[in-house]
Amino acid sequence: MPNKRLEETRVRRAAGGRKSAETAPSVENGNLNTIETVDVGPLPTILGYALRRAQLAVFKEFQARFEAINIRPSQFGILTVIARNPGIKQTQVSEALYIKRANLVRLLDELEARDLIRRDASVHDRRSHSLNLTAYGTLFVAQMEEIHRQLEDHLADLLGKEAKASLLKMLHLLIASAPGADDLAADYD
Numbered sequence: 001m002p003n004k005r006l007e008e009t010r011v012r013r014a015a016g017g018r019k020s021a022e023t024a025p026s027v028e029n030g031n032l033n034t035i036e037t038v039d040v041g042p043l044p045t046i047l048g049y050a051l052r053r054a055q056l057a058v059f060k061e062f063q064a065r066f067e068a069i070n071i072r073p074s075q076f077g078i079l080t081v082i083a084r085n086p087g088i089k090q091t092q093v094s095e096a097l098y099i100k101r102a103n104l105v106r107l108l109d110e111l112e113a114r115d116l117i118r119r120d121a122s123v124h125d126r127r128s129h130s131l132n133l134t135a136y137g138t139l140f141v142a143q144m145e146e147i148h149r150q151l152e153d154h155l156a157d158l159l160g161k162e163a164k165a166s167l168l169k170m171l172h173l174l175i176a177s178a179p180g181a182d183d184l185a186a187d188y189d
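Below you can see the structure in the form of structure tokens.
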């Protein structure tokens with residue numbers, strides 16, 4: 001047997017053994033094989049690990065549903081905030097979504113190039129810009145919101161509406177109690 005230890009792990013798990021298992025691709029003889037069981041130890045019981053895996057699962061579903069209109073989660077957030085706050089300043093969007101200002105500028109450039117938003121010079125301060133949806137952007141956001149409603153319905157169907165509401169409540173509690181919760185700006189989009 002080429003990997004006796006791996007087979008013993010599989011047998012132990014099948015018999016109700018205590019070690020946790022996840023699946024991951026493995027490389028053997030230089031080739032990427034199909035999924036094999038890999039012992040990841042306590043990782044599935046670690047909150048941060050589970051949160052990240054859940055985020056990846058939701059983002060994968062998000063990407064599949066939004067691929068046709070070419071929107072990433074960060075862009076979705078920006079368009080949502082601008083739609084609900086016409087004339088909002090870039091710094092306010094940055095703070096509301098925890099996106100570093102330098103990263104936000106690039107994201108806004110992308111949305112502006114697609115004619116979804118426009119940046120208007122502030123009448124009070126020429127150094128700052130107010131953000132608004134274009135006419136096309138308004139129609140686009142309506143389409144985007146419908147796709148997102150379908151995604152949320154799908155997630156509610158998977159979890160159950162009460163479990164989804166409970167999960168959201170717990171996540172908001174965790175966010176609010178995190179040290180430095182006001183300084184969560186991400187380096188990524």
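Going by our numbering, the residue at position 167 of the sequence shown is 167; the numbering climbs one at a time, nothing skipped.
All residues carry an ideal CB built from backbone N, CA and C; glycine is no exception.
Between the region 125-132 and the region 76-89 there are three or more C-beta pairs closer than 8 Å, enough to call the two in contact. A residue is called buried once 16 or more other Cβ atoms fall within 10 Å of its Cβ, and Q75 is buried on that count. Here V141 is buried. Its C-beta has 16 or more other C-beta atoms within 10 Å. The beta strand (DSSP E) runs of length 3 or more contained entirely in the region 75-161 are, from start to end of the chain, 117-121 and 129-133. A straight line joining the alpha-carbon of S94 with that of E36 spans about 42 Å. Note on M144: 16 or more other CB atoms within 10 angstroms of its CB, so buried under the neighbour-count rule.
Per DSSP, reduced to three states, the secondary structure at R72 is coil, with no helix or strand assignment. Rounded to the nearest angstrom, the gap between the Cα atoms of L159 and L97 is 26 Å. In this structure, the straight-line span from the alpha carbon of Q63 to that of R72 is close to 7 Å. In the three-state scheme derived from DSSP, where H, G and I count as helix and E and B as strand, G48 is classed as helix.
Cα atoms of K169 and S177: separation of roughly 12 Å, rounded to the nearest angstrom. For A176, the three-state secondary structure derived from DSSP is helix.
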